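Going by the numbering used here, 195 is the number at position 181 of the sequence shown; the sequence numbering is gapless.
By construction, the Cβ of each residue, glycine as well, lies at the ideal position given by its N, Cα and C atoms.
Model, not experiment: these values are computed from the prediction.
Comments concern the structure below.
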Amino acid sequence: MSGVWRVLLLGGTAEARGVAAELAGDPGVEVTTSLAGRVAHPRLPDGAVRIGGFGGAAGLARWLREHRIDALIDATHPFARTMSFNAAEASAAAGVPLVALRRPGWSAGPGDRWIPVDSTAGAAALLAAPEKCTLPPDGRVFLTTGRTGLAAFAGLAAPRFLVRCVDPPRPPLPPRMHVLLDRGPFTVGGEAGLMRRHRIDALVTKDSGGAATSAKLVAARELGLPVIVVRRPPAPDGVPVVADPAGAVSWLATLRGQSG
Ligand code: NAP
């Protein structure tokens, strides 16, 4: 291979913006970041951006061929399961090398009171039986699983929810909730203050990993609160995984070296 390398970067995360920033100064690489278009005012990366779905794995494979993409980097959020499987299928179909950038998950430390569940539905089932998570019958729960997961909690008349998300949520929604529009990074002091002000009894979070939103876990530990943690969904087999933007950049450098 000679000339410029065309890279498609599946984004929507701080890590994807990190990769785009690191590759921006490389004249031998042309990066296009792809965003799903879920957020009204996304944080934009360096370089070219396209927005919207591809039309499944077949649509993505077509896009890769039509744009003569040389390498695909899946830097989507660890809970963007469909897109990661589509990337694996499209990579195989179009013969385009793929790497997955998956930030490590969080792990519980001393003093943490974590209750792992497999899904947001599992978290809702637990909240429907408050004694199982030592929640008072009419407790207050800080829900940070994002606005698209709120439907799972819509059937719960109790507890009362403090919901934090980037854009206003759409129905179906829990009947008793207060919405806070905000996005990370957050600080431990800020999170602890928020939980105290709203008299929060428990936190619900996905195991997103990363530093931008981990302060709530430290705050919950300091306040002695239980945390319901939604485990990550399965990821496709056989795709090489790196843990940070530097890993993705070095994977690309190796690939370019091998072809060169
Ligand atoms: P998903 O369930 O895995 O994907 C659903 C569909 O959305 C895909 O089939 C694809 O449509 C489209 N899509 C997803 N990511 C895309 C991307 N980067 N570029 C173009 N199309 C994309 O995804 P999701 O969980 O809704 O997440 C959507 C986006 O938000 C992702 O880019 C992710 O990185 C970001 N995000 C997600 C979360 C989360 O908790 N899930 C949190 C923060 C950020 P087609 O089949 O039509 O191609």
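Start-to-end residues for the alpha helix (DSSP H) that takes in residue i
i	result
Pro-130	Taken as a continuous stretch (DSSP letters only), Pro-130 belongs to no alpha helix (DSSP H), being part of the beta strand (DSSP E) at 127-131.
Glu-36	28-38
Pro-12	Residue 12 lies beyond the residue range present for the chain, which begins at 15 and ends at 274; the question has no answer from this structure.
Val-202	202-211
Ala-71	70-80
6 Å CB neighbourhood of residue i in its chain, flanking five on each side removed
i	result
Ala-114	Asp-88, Val-253 and Val-255
Ala-108	Ala-75, Leu-78 and Arg-79
Val-110	Leu-78, Ile-83 and Leu-86
Ala-234	Leu-217 and Val-241
Pro-188	Phe-167, Ala-168, Leu-170 and Phe-175
Trp-128	Ala-122, Val-241 and Val-243
Asp-60	Ala-34, Ala-35 and Ala-38
Pro-130	Val-243 and Arg-245
Phe-93	Lys-220
Three-way DSSP call (helix, strand, coil) for residue i in this model
i	result
Trp-19	strand
Ala-229	helix
Phe-156	strand
Val-278	What is shown of the chain runs 15 to 274, which leaves residue 278 out entirely.
Arg-161	helix
Ala-234	helix
Ala-168	coil
Ala-54	coil
Ile-214	coil
Pro-247	coil
Pro-240	strand
Leu-24	strand
Val-255	strand
Environment of residue i [buried if 16+ CB atoms lie within 10 Å]
i	result
Ser-48	buried
Ile-65	exposed
Thr-219	buried
Ala-168	exposed
Ala-166	buried
Ala-138	buried
Thr-96	exposed
Asp-181	exposed
Ser-105	buried
Arg-31	buried
Pro-186	exposed
Cutoff 8 Å; reference residue i; Cβ partners in own chain excluding five residues on either side
i	result
Pro-118	Gly-223 and Ala-257
Thr-162	Arg-52
Pro-144	Pro-150, Pro-151, Gly-153, Ala-172 and Pro-173
Pro-199	Ala-225, Ala-226, Thr-227 and Ala-229
His-91	Gly-26, Thr-27 and Ser-222
Arg-184	Arg-161
Asn-100	Phe-68, Gly-70, Ala-71 and Leu-74
Residue span of the beta strand (DSSP E) that contains residue i, given as start and end
i	result
Leu-195	191-195
Val-45	43-49
Arg-178	174-179
Gly-85	Looking at the sequence shown, residue 85 is not Gly but Ala. Element bounds for Ala-85: 85-88.
Min CB distance residue i to chain D below 8 Å
i	result
Gly-203	The chain inventory of the structure shown lacks chain D, comprising one protein chain alone.
Heavy atom of the ligand SAM within 7 Å of residue i beta-carbon
i	result
Gly-69	In the structure shown, the ligand SAM is absent; the only ligands present are the ligand NAP.
Cβ neighbours of residue i in the same chain (closer than 7 Å, five flanking residues each side left out)
i	result
Ser-98	Asp-88, Thr-90, Ala-114, Ala-249 and Pro-250
Exercise for review: Go through the segment 94-151 residue by residue and report every complete run of the alpha helix (DSSP H) that reaches 4 residues or more, in order.
Suggested key: Within the segment 94-151, the runs of alpha helix (DSSP H) that reach at least 4 residues and sit entirely inside it are, in chain order, 95-108 and 134-141.
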